Each structure stands twice: as C-alpha cells, then as structure tokens.
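Numbering (the working numbering), first residue to last: 28 to 117.
Below you can see the structure in the form of structure tokens.
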C-alpha cells in the first residue's frame, strides 16, 4: 500500500514539475496565436538572391512538370477505360 502511495505521489510531482517548466518557457515572440516561428539571427527577410536561395534548375522543374502532366493523362485514360468497360486497368 505504501509503495502505491509513493508511486502516485512521485508521478504527481513529476507532472507538476514538467508543467511548471513548460509554462516558464518564454523564448518566442508570437505574431499570432500558434505562429511563433522565428528565424535564426542573420537569416534574411527575403530568400531570393541570398545564400539560402536554392536556385532551382529550369530543366529539373520542367522534368517534374512533364511527369505530372503524364500522370494526369494516364489517370484520365484509366477513367475513360473504366467508363467504357467497368474495369480498372492499371
């Protein structure tokens, strides 16, 4: 019985100490409720043209665009085939 009481007491103390640590944190300045992201010091306001700009290649972007268009065409063909036959063909 004493062991159970000690365990419950320790559990309650741990919960209270954790809650007080969370409530004491004051390291962010929120712009709005839930919008508390802050850039690290030295991070630019605008990414374009800075050293953080990923400078995506047009060739690589076009590859992705072509793949998405091909996928949409295949899906449209599958829907058309399904409407004709009633069976999905992958």
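Virtual Cβ for every residue (Gly too), placed ideally from N, Cα, C. In this text the structure is predicted, and so the values were computed from the model without any measurement.
Could you tell me the alpha carbon to alpha carbon distance between residue 119 and residue 62, rounded to whole angstroms? With the chain running from 28 to 117 in the structure shown, residue 119 is simply not present.
Just reading off the alpha helix (DSSP H) that residue 116 is part of, what are its end residues? Run containing residue 116: none; DSSP gives neither H nor E here.
Look at the alpha carbon of residue 116 and the alpha carbon of residue 94, and state the distance between them as a whole number of angstroms. 20 Å
So for residue 59, helix, strand or coil by DSSP? strand
Under three-state DSSP, which class holds residue 73? coil
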